[in-house]
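**Student:** Pasting a structure here, questions to come.
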Amino acid sequence: MKFLNLVFKVSIILIAFTYISKEFLIPEVSFQSNKDEYMKLTLACGFAMDSNWYIEQQSHSDLKKSSEIQLLDCHDYDKLRKQMLDDGISEYRLSGLGLVALEINQKPAEQLAAPHKFRER
Amino acid sequence: MRIILIILIVFSNYVSASDIDFKLQKVIEIYGLQGFDCKAVQESDPSLSSLGEMLFESKLLSGGNDTSCSTCHLKDLTRVDGLSVSIGVGGSGEGIERLMEGNGIIVPRNSFTLLGRGHKDYSTYFWDGKVQNEANRLVSIIGDGESEGFHSPLSVAAVLPILARDEFLGLLSESKNNGMESIDSSYYEMRYQTASKALQKRILETNGKSWDELRAKFIESKLDLNKLELSNIGNAIASFLIEKESCIKNQWSKYIQGDHDALSETEKEGAYVFYGKGRCASCHSGDLLSDFKFHSIGVPQGDVGVSIYGQDLGRSEISLKDEDRFKFKTPSLLKISKTKPYAHNGVFEQLDDVVLFHLNPIPFFKDKKWSKKDYFNYGRVLSSRSDMLSYIDVLTEEDFNHLLSFLETL
């Protein structure tokens, strides 16, 4: 009886741990460990697609080859995105991360105004 | 707690940095790279190699007996001279000594390395392409080459310096006395015949120990001095260069041929930049890292040049076409990190200077004093800059440094 009791408790603990891991811990760890790379690849892929649009309008074949190589950044982006979705991170959260990536190069007006303010008079 | 975190990371299928080897495999596929093939060489006669080496090192072919091929293509300097522009006839010493000594005549172009120049796909020689292999037809300023007995484009290229006043023929005062003046005063189409006769006469008739040794070498190589032609000299020098200087074993070739440990991670990232967003391979293409076409990156003219008023109009000096002004042959990047300075006039002292100039020419001028000519002329040069440079997407210092690391492996 004691043994069954132990097996039951261990099973409950394992199920609970698995549930918590799958629903909360793994997505959070995946998010924290991959977010920088994800944002970097979001930018790199956007840049590669943007350049490709213009390069495709050219007739230079070697320039087009270089653009195809650059687009491998998008392959990396797709792979990481699918991996993170697999880890349980929601589409909404990834979209949010994508937006943050696009905002990396935005600067608040305050930063531009700061040098022009009196610090003492 | 730490153990739990590690377990979670493992279970969360942590995706590490993208697989750079996978990307480079795609590079190799898309660009059809095979690595430098040492066996793929131009036609040559190996029995002339020893004579070619002697001719390459000998100053006897120059008007003032003061210049040899090796004067500007030094073995210890990866077959360049380390100077921005070379110092030809009238000079003495090697490398920087020639500049300091001050009596030599400036040859207003940068000396390029001769390594790998005997490769069968190496099709265009000199900064302005004055020797070219066009669809298996030899084209040069002294004729089609083949009818004159040259074995290869390299053979023709090997003799052109001998026909140039600043590089070999010598000062007018000297060349009048030794018959070399007749070469200088002929039109280029006639120079082959004139030079053949003048050199034959000198080699047959000049007395002295070193001349005797040279004559003996010709005989040893089974060349009849009474039928000596310029092409014999070109073929011999080319045979030497093909046998001794044409095989390049670099890390990038090893990687292409399957050794994935041949490059560090940084160098691999640099290769990805080179073939991708750096757009470098749009011109520096193939296993020889050149498309052998003519482009302009807007290199400043500096103080000396081969064209009128000390300019250097580049390819248009040969083609006479307006669209070729200020364009130069895409240099092969083989051994690039060991062949400074860079560009047709050696205006870039370091590799990072010339790489950055492709991206943005302005920082180069920030710390340099404009030459008087460039101050008034550079607008014309700038307008010739290739459109392709506008597609370079190297926007971070990290990418730039990776690119430089990769160039070291070529």
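Chain order of the listed sequences is A and B.
Those letters in the first sequence? Residues 1 to 121, by the numbering used here.
Those letters in the second sequence? Residues 1001 to 1410, by the numbering used here.
From the three backbone atoms N, C-alpha and C, an ideal C-beta is built for every residue, glycine too.
#1: CB-CB under 6 Å to residue 1267 of chain B, same chain, minus the five flanking residues each way: which ones, in chain order?
#2: Run through the DSSP bridge pairs and tell me what residue 1250 of chain B is partnered with.
#3: Pull up the CB-CB distance for residue 1228 of chain B and residue 1264 of chain B, whole angstroms please, since I reckon it's below 8 Å.
#4: Bridge partners of residue 1132 of chain B, per DSSP?
#5: Decide if the region 1210-1218 of chain B is in contact with the region 1035-1048 of chain B; the criterion is three or more beta carbon pairs, one per stretch, under 8 Å apart.
#6: Between the region 1020-1036 of chain B and chain A, which residues of the former have a C-beta closer than 7 Å to a C-beta of the latter?
#7: Could you spell out where the alpha helix (DSSP H) holding residue 1096 of chain B opens and where it closes?
#8: Which residue from B:1030, B:1070, B:1130, B:1223 puts its Cα closest to that of residue 1045 of chain B?
#9: Going residue by residue through the region 1208-1284 of chain B, where are the continuous alpha helix (DSSP H) segments of at least 4 residues, counting only ones entirely within it?
#10: Could you check whether residue 1333 of chain B and residue 1289 of chain B sit closer than 8 Å to each other, using their CB atoms as the reference points?
#11: Give me the chain B residues within the contact set of residue 47 of chain A, using Cβ-Cβ distance strictly less than 9 Å, ordered along the chain.
#12: Taking all protein chains shown into account, do 16 or more other C-beta atoms lie within 10 angstroms of the C-beta of residue 1358 of chain B, making it buried, or fewer, making it exposed?
#13: If we define contact as Cβ-Cβ less than 8 Å, is residue 97 of chain A a contact residue for chain B?
#14: Decide yes or no for the touch test of the region 1077-1096 of chain B against the region 1273-1283 of chain B: beta carbon pairs closer than 8 Å, at least 3 of them.
#15: Just to make sure I have the definition right: I need the residues of chain A whose C-beta is within less than 9 Å of the C-beta of residue 1285 of chain B. Which are they?
#16: Give every residue of the same chain whose Cβ lies closer than 8 Å to the Cβ of residue 64 of chain A, excluding the five residues on either side of it in the sequence, and list them in chain order.
#17: Residue 1387 of chain B: which of A:60, A:34, A:84 sits nearest, CA to CA?
#18: Would residue 1296 of chain B count as contacting chain A if we go by Cβ distances under 8 Å?
#19: Please determine if the region 1099-1108 of chain B and the region 1021-1039 of chain B are in contact, where contact requires at least 3 C-beta pairs separated by less than 8 Å.
#20: Secondary structure at residue 1348 of chain B, three-state DSSP: helix, strand or coil?
#21: Is residue 1085 of chain B near residue 1062 of chain B, with beta carbons less than 8 Å apart?
#22: Just to confirm the assignment, what range does the alpha helix (DSSP H) spanning residue 1072 of chain B have?
**Tutor:** Judging by the given coordinates:
#1: Position 267 of the second sequence, counted from the first residue, corresponds to residue 1267 of chain B. Once the five neighbours on either side are set aside, the close Cβ partners of residue 1267 of chain B are 1405, 1406, 1409.
#2: Translated into positions along the second sequence, residue 1250 of chain B becomes position 250. The partner list for residue 1250 of chain B (beta bridge, DSSP) is empty, contrary to what the question assumes.
#3: Counting from one through the second sequence, the residue named residue 1228 of chain B turns up at place 228. Counting from one through the second sequence, the residue named residue 1264 of chain B turns up at place 264. About 52 Å; that fails the 8 Å criterion.
#4: Your numbering for residue 1132 of chain B matches position 132 in the second sequence. Beta-bridge pairing links residue 1132 of chain B to B:1124, B:1139.
#5: no
#6: Listed in sequence order: 1023, 1026, 1027, 1030, 1031.
#7: As a first step, residue 1096 of chain B is located in the second sequence; it is residue number 96 there, counting from the start. Counting along the chain, the alpha helix (DSSP H) containing residue 1096 of chain B begins and ends at 1096-1101.
#8: The count along the second sequence starts at 1 and reaches residue 1045 of chain B at position 45. The residue with the shortest Cα to Cα distance from residue 1045 of chain B is B:1223.
#9: 1209-1220, 1230-1244, 1251-1256, 1265-1275
#10: Against the second sequence, residue 1289 of chain B aligns to sequence position 289. Against the second sequence, residue 1333 of chain B aligns to sequence position 333. The answer is yes: Cβ separation under 8 Å.
#11: Taking the first sequence and counting its residues from 1, the one referred to as residue 47 of chain A is at position 47. Residues of chain B passing the Cβ test: 1277, 1393, 1395.
#12: Position 358 of the second sequence, counted from the start, is the residue given in the question as residue 1358 of chain B. Counting other Cβ atoms within 10 Å of its Cβ, residue 1358 of chain B reaches 16 or more and is therefore classed as buried.
#13: On the first sequence, position 97 is the one that residue 97 of chain A refers to. It does not: the Cβ of residue 97 of chain A has no partner Cβ on chain B nearer than 8 Å.
#14: no
#15: Your numbering for residue 1285 of chain B matches position 285 in the second sequence. Under the 9 Å cutoff, chain A gives 62, 65.
#16: On the first sequence, position 64 is the one that residue 64 of chain A refers to. If we look at residue 64 of chain A and ignore the five residues flanking it on each side, its Cβ neighbours are 55, 56, 58.
#17: Counting from 1 along the second sequence, the entry for residue 1387 of chain B is found at position 387. Closest in alpha carbon position to residue 1387 of chain B, among A:60, A:34, A:84, is A:60.
#18: In the second sequence, residue 1296 of chain B corresponds to position 296, counting from 1. By this cut-off, residue 1296 of chain B is not an interface position.
#19: no
#20: The sequence position of residue 1348 of chain B within the second sequence is 348, counting from 1. Here residue 1348 of chain B sits in strand by DSSP.
#21: If you number the second sequence from 1, residue 1085 of chain B lands on position 85. If you number the second sequence from 1, residue 1062 of chain B lands on position 62. Their beta carbons are not under 8 Å apart, which means residue 1085 of chain B does not touch residue 1062 of chain B by this criterion.
#22: Taking the second sequence and counting its residues from 1, one reaches residue 1072 of chain B at position 72. From DSSP, the alpha helix (DSSP H) with residue 1072 of chain B extends over 1069-1072.
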